[in-house]
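In what follows, a single structure is set out as structure tokens and then discussed.
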Amino acid sequence: MSNTINFNRGTLKNLRDNGVPIGKKQMEYRDLKESGLCLLQYPSGKQMFYFIMCFRKQRFKERLGDSDTFTVQEARIWVNELRAAIYKGENPIATRKKAEMLFSELFALYYAENKDKKASFDADLSKYNLHLAPVFATKQIGSVTSAHIEKYHALKKEELTPATANRHLALLKAIFTYAVNKLEILTRSPASGIKAFPEPQKLRKYFTLDELNRIAIELDNEANIEARNIIKFILLCGSRSAATRDLRLENYDAQSSNILISIDKNGNGQFLSLSEKAKAIIEVQIRKHGKQGLVFRGVDMQSRMSDPSRVLARVCKKAGLPPAGVHSLRHSYSVLALDSGVSVYQLMVALNHKCISSTMVYSSISDKKLRQINNDLASQLSI
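Heads up: the sequence shown begins at 2 in our numbering, then just goes up one per residue.
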């Protein structure tokens with residue numbers, strides 16, 4: 002058999018079936034279609050793709066990977082990219098040596114760089130430990146392909162939801178973009194160009210004004226006073242639960258009627274404007290705890306309060322309403338604000354959203370003005 006053949010699944014299977022002649026340690030074959038692509042066949046049956054090329058009296062040789070990991074088409078694309086880079090005067094082999102870093106090592110660097118910059122990094126760390134690490138941790142980052150990431154993305158869609166799968170994809174894109182732009186150990190991200198799955202819009206839970214008044218009545222009878230106060234505060238201000246539980250008394254300014262949220266989910270701080278009723282809750286907490294420390298506290302009156310969703314669910318049940326999480330209070334605040342005539346931009350500022358598209362979701366829920374437009378139009382039609 003000639004040592005120059007057209008690599009494909011069939012010819013590679015034939016090479017493996019024929020094996021290596023007795024007395025030889027390996028056999029080298031060259032691809033007929035892609036210059037520089039070689040394959041080494043070993044007596045064990047293992048087949049390894051190599052890139053071998055001589056250019057301007059310099060010899061380049063690099064192991065690409067075995068035929069069980071890479072398809073012939075993937076190997077050809079890779080060789081084509083290496084050859085093109087060499088023609089440009091670059092040394093992609095030296096660059097690729099850096100790409101032999103393990104994914105676990107790359108994530109460790111990414112974590113150290115971003116853990117203090119991103120408020121939700123704990124969620125990213127959890128995604129890595131529970132999902133990414135078992136799949137990618139021991140892989141060399143240079144061997145991770147778009148096909149690997151697409152397969153993982155699809156798998157998470159089946160195991161979890163399209164939205165969660167997209168969060169995993171976003172994290173992978175961020176990690177590999179860091180490797181390309183910051184560390185410069187990859188020339189291209191394997192996650193680049195992979196599209197997120199469509200995410201069906203879910204119906205957001207919110208309370209009507211009548212339902213909120215029923216909740217308020219039951220809240221006054223709630224035995225857990227700290228939870229009662231924080232639930233009322235969240236409803237009055239539209240703040241996020243986590244950010245509200247992190248509020249500190251020393252950041253309260255009674256004169257300007259605001260309190261500082263040091264850092265929110267989006268990584269930015271905010272001066273939260275307080276209504277008189279919200280200020281009254283802060284003043285109650287000051288009389289109870291003094292002017293230092295957390296505004297709302299756990300059972301020991303020192304530690305950070307846990308999520309009060311269970312208390313809200315208990316209150317909802319007593320009010321004859323289906324249970325809902327604390328974040329539904331933020332939705333309710335937003336819808337009521339728009340129904341009261343607040344503009345979408347004003348609400349965006351109040352909610353501390355980064356972009357107005359996040360706030361626009363509530364405009365589709367608050368349809369009071371839209372109904373009025375439709376009624377005005379209908380009254381002019383003789384139908």
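Where is the CB? At the ideal position from N, CA and C, for every residue including glycine.
Residue j beta carbon less than 9 angstroms from that of residue i
i      : j      : result
GLN27  : LEU41  : yes
PHE56  : ASP32  : no
LEU213 : LEU339 : no
ASN81  : GLU35  : yes
ILE283 : TYR253 : yes
GLN141 : PHE177 : no
LEU236 : LEU330 : yes
LEU313 : ILE216 : yes
PHE272 : ILE287 : no
Beta-carbon proximity list for residue i, same chain, < 6 angstroms, skipping 5 on both sides
i      : result
GLU63  : PHE52, ILE94
SER147 : PRO191
PHE61  : MET54, ILE94
PRO44  : VAL21
Three-state class that DSSP yields for residue i in the structure shown
i      : result
ASP67  : strand
ASP32  : strand
ASP18  : helix
ASN353 : coil
THR5   : strand
PHE208 : coil
LYS26  : coil
LYS118 : coil
ASP125 : helix
LEU103 : strand
GLN1   : Nothing about residue 1 can be reported from this structure: the residues present for the chain run from 2 to 384 only.
ASP340 : helix
ARG241 : coil
Same chain only: Cβ atoms within 7 angstroms of residue i, ignoring 5 sequence neighbours per side
i      : result
GLU227 : PHE297, ARG298, MET306
THR165 : LYS157
TYR334 : LEU236, GLY239
ASN115 : PHE122
CYS317 : ILE216, PRO323, PRO324, ALA325
TRP79  : LEU65
First through last residue of the beta strand (DSSP E) which encompasses residue i
i     : result
CYS39 : 38–42
MET54 : 48–56
Where the alpha helix (DSSP H) containing residue i begins and where it ends
i      : result
LEU313 : 310–319
GLN286 : 277–290
LEU273 : Counting along the chain, LEU273 falls outside any alpha helix (DSSP H), though it belongs to the beta strand (DSSP E) covering 271–274.
ASN259 : ASN259 -> not in any alpha helix (DSSP H); beta strand (DSSP E) instead, spanning 259–262.
LYS152 : 147–160
LEU177 : Strictly speaking, residue 177 in this sequence is Phe, with Leu absent from that position. Start and end: 163–178.
GLU185 : Looking at the DSSP string, GLU185 is not in any alpha helix (DSSP H), and its letter there is neither H nor E.
LEU83  : 73–88
beta-carbon residue i near the ligand COA non-hydrogen atom, thresh 8 angstroms
i     : result
ILE78 : The model depicted lacks the ligand COA and carries no ligand whatsoever.
8 angstroms contact criterion, which residue i and residue j should meet: CB distance rounded
i      : j      : result
ALA76  : LEU83  : Going by Cβ atoms, the distance from ALA76 to LEU83 rounds to 11 angstroms, so no, they are not a contact pair.
ARG249 : LEU295 : 6 angstroms
HIS149 : HIS169 : Actually they do not touch by this definition, with Cβ atoms about 13 angstroms apart.
SER310 : VAL327 : 5 angstroms
Same chain, Cβ closer than 8 angstroms to residue i, neighbours up to 5 away in sequence not counted
i      : result
ILE87  : MET54, PHE56, PHE61, PRO93
ASP265 : ALA120, ARG241, ALA244, GLN271, ASN353
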